[in-house]
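Below: one structure, written as structure tokens.
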Amino acid sequence: MDIMILPRYNPDGVAYFQRFLATGYDPNRDHIRFASQQTREVKALIVDFSPHVMVDAHEYSANRAYGLKDQWAQAVDGQFDPMKNLNIHKDIREYSEEVFVPRIAGAMDKLNLRWSPYITGNAREEPLVFTQLDTQARAGDVSLALTQVMVFLTETRGIGLGSQHFQRRVASGLTMIEAIVQTAADKAEEVYEVVEGARQKFIDGVDEVVVTDSFQPTNRTWDFIDLPTGKLVEIPIQFLSSTPVKSNLTRSRPEAYIFPQAWKEAADRLRLNGVIVENIRSEFRGEVEAYNVTSIELASTVYQGTVLNKVTTDILKKEITMPAGSFWVSTRQAAAGYAFTVLEPENIDSYATFNILPVNVGDEYPVYRVLG
């Protein structure tokens with residue numbers, strides 16, 4: 001088993017004691033725009049290594065208080081989750097959940113370390129609402145998983161604690177990572193067969209493309225430290241589960257996407273994430289599905305150097321002619337899941353959303369779906 005370790009994603013940011021790059025960009029939200037050369041270089045390194053299994057190791061803010069009186073803090077030593085996006089083949093998602101997750105949990109339990117799925121939540125809010133890992137490809141882990149890789153996120157209790165509980169925190173982070181690596185080693189042949197088999201099934205498949213999804217709400221309890229007393233308590237919460245998420249907008253899988261060579265920046269970004277983008281050698285003539293933009297909604301704030309644009313479209317069939325040199329993205333490749341995400345305009349991480357392919361109401365989106 002070959003292992004590559006990237007010890008630190010953002011050493012320049014660490015010099016400023018921050019998770020962001022020195023430029024202020026969040027390196028873990030830069031996998032659509034690739035605004036930072038650092039992100040581009042790291043992504044190229046990982047894509048070239050072409051892993052079957054990947055671990056994205058983070059820390060979470062242990063000193064963040066919850067509740068109307070800031071009376072609770074999370075009690076878990078570590079959080080972890082496999083990727084949830086429905087454009088990752090189900091064999092990869094199911095194997096991650098059914099084989100790896102119990103082994104990570106068991107390793108934590110064996111050392112009497114507390115754990116939970118990965119969550120985010122709002123402070124000073126009751127009743128508490130926690131949201132499980134989302135499916136957004138702007139994050140490095142999801143973007144790689146969409147090339148049909150088994151990817152896990154781990155979060156160690158740590159930010160804002162200084163040197164407190166250092167041994168326990170290191171043990172927690174190491175235990176989660178070690179359990180993933182050991183499981184991959186123990187079941188190397190099986191993991192390889194699952195991932196390679198899933199890639200081929202995905203390449204040959206006819207499943208619909210999932211454009212938008214939503215969490216599934218449920219009620220449960222969550223372990224907290226009661227800050228006034230220091231005791232462990234269980235508090236009821238609403239849990240927005242992504243195991244699995246619910247598909248909302250779906251579309252039939254095209255054979256390919258085609259778009260004008262004027263949009264080279266879009267092609268370059270696709271290639272950065274391992275998507276094969278070709279230039280057609282001769283003129284294309286044929287029927288395609290085109291997107292007519294019916295509404296846009298610009299965000300009220302700047303996000304990572306751009307203003308996000310929520311887009312809706314209607315699909316219509318038409319005959320088009322595209323010259324030689326136009327960009328062609330076949331969906332018969334393992335990385336097509338990422339292409340679905342960024343090229344379908346309604347997706348939360350699409351090139352329309354991030355204004356890489358800017359559109360307005362009434363425009364024809366400059367990407368076309370080539371049908372089989």
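Numbering-wise, UniProt numbering puts 261 at position 261 of the sequence shown, and it's gapless, one number per residue.
Glycine included, every Cβ here is placed at the ideal spot set by N, Cα and C.
Ignoring anything shorter than 3 residues, give me the beta strand (DSSP E) runs that lie fully in the segment 276-337, in order along the chain.
284-298, 309-322 and 327-330
From the DSSP output, read off the bridge partner residues of Arg220.
Answer by DSSP bridge pairing, in chain order: Ile237.
What whole-angstrom Cβ distance do Phe224 and Ala75 have, given they're in contact under 8 Å?
That belief holds up - the Cβ atoms of Phe224 and Ala75 are roughly 5 Å apart, short of 8 Å.
Could you tell me the alpha carbon to alpha carbon distance between Phe166 and Leu153, rounded to whole angstroms?
21 Å
Looking at C-alpha atoms only, which residue of Ala15, His52, Lys84 and Gln37 is the closest neighbour of Asp213?
Ranking the options by Cα distance to Asp213, first place goes to Lys84.
Run through the DSSP bridge pairs and tell me what Glu364 is partnered with.
Asn292
Own chain, CB closer than 7 Å to His89, minus 5 neighbours either side, in chain order
Within the same chain, His89 has close Cβ partners Gln148, Ala198, Lys201 and Phe202.
Using the beta-carbon count (16 or more within 10 Å), is Gln38 buried or exposed?
buried
Buried versus exposed call for Lys317 [16 or more other C-beta atoms within 10 Å across all chains shown]:
Sixteen is the threshold: since fewer than 16 other Cβ atoms of the shown chains lie within 10 Å of the Cβ of Lys317, the residue is exposed.
N- and C-terminal bounds of the alpha helix (DSSP H) containing Val178
Reading off the sequence shown, one finds Glu at residue 178, where the question assumed Val. Counting along the chain, the alpha helix (DSSP H) containing Glu178 begins and ends at Phe166 to Asp186.
Enumerate in chain order the residues of its own chain whose CB-to-CB distance from Val129 is below 6 Å, with the five nearest sequence positions on each side excluded.
Gln238
Spatially closest choice to Ile296 from Leu308, Tyr303, Glu289 and Gly286, by CA coordinates:
Leu308
Counting along the chain, where does the alpha helix (DSSP H) carrying Met108 start and finish?
Val101 to Lys110
Could you check what DSSP says for Gly158 in three-state terms: helix, strand or coil?
strand
Under the three-state reduction of DSSP, which class applies to Phe202: helix, strand or coil?
helix
Quick one: using the 10 Å Cβ neighbour count with 16 as the cut-off for buried, is Ile46 buried or exposed?
By the neighbour-count criterion, in which 16 or more other beta carbons inside 10 Å mark a residue as buried, Ile46 falls on the buried side.
Using a Cβ-Cβ cut-off of 7 Å (strictly less than) and excluding sequence neighbours within five positions of Ser252, which residues of its own chain qualify?
Glu208
Range of the contiguous beta strand (DSSP E) that encloses Ala73
Trp72 to Gln74
Boundaries of the alpha helix (DSSP H) in which Ala145 is found, first to last residue:
Per DSSP, Ala145 belongs to the alpha helix (DSSP H) from Gly140 to Ala145.
How close, in whole Å, do the beta carbons of Arg157 and Gly78 come, if the pair is a contact with beta carbons under 8 Å?
Yes, Arg157 and Gly78 are in contact; Cβ-Cβ is about 7 Å, under 8 Å.
Pull up the distance between the alpha-carbon of Val211 and that of Ser163, whole angstroms please.
Whole-angstrom Cα-Cα distance: 43 Å.
Whole-angstrom Cβ separation of Val275 and Tyr338, contact assumed at under 8 Å?
6 Å
Helix, strand or coil at Asp207 according to DSSP, with G and I counted as helix:
coil
Cα separation between Lys310 and Thr341?
14 Å
With distance defined between alpha-carbon atoms, name the residue in Val14, Tyr118, Ala105 and Thr306 nearest to Glu178.
Ala105
On the criterion of 16 or more Cβ atoms from any shown chain inside 10 Å, does Arg281 qualify as buried, or is it exposed?
exposed
With Gln132 as the anchor, note down where its beta strand (DSSP E) starts and where it stops.
Leu128 to Gln132
In the DSSP assignment, find the unbroken beta strand (DSSP E) run with Tyr257 in it and report its ends.
Ala256 to Phe259
Could you pull out every residue in the same chain whose Cβ sits closer than 8 Å to the Cβ of Asp12, ignoring the five residues on either side in sequence?
Leu21, Ala22 and Gln38
From the DSSP secondary-structure annotation, give me the bridge partner or partners of Ile356.
DSSP output for Ile356 lists no bridge partner at all.
Quickly, what does DSSP pair Ala267 with across the bridge? List them, please.
For Ala267, which the question treats as bridged, DSSP gives no partner whatsoever.
Whose C-beta lies closer than 6 Å to the C-beta of Phe259 among residues of the same chain, with five residues either side of it excluded?
Phe327, Pro366 and Val367
Indicate the three-state DSSP secondary structure (helix, strand or coil) for Leu51 in the structure shown.
First, the amino acid is wrong: residue 51 is Pro here, not Leu. Pro51: coil per DSSP, three-state reduction.
Who pairs with Glu59 in a beta bridge, going by DSSP?
Residue pairing of Glu59 in beta bridges, as defined by DSSP: Thr156.
If I measure Cβ to Cβ from Glu255 and keep anything under 8 Å in the same chain, skipping five residues before and after, which residues do I get?
Ser330, Thr331, Arg332, Val370, Leu371 and Gly372
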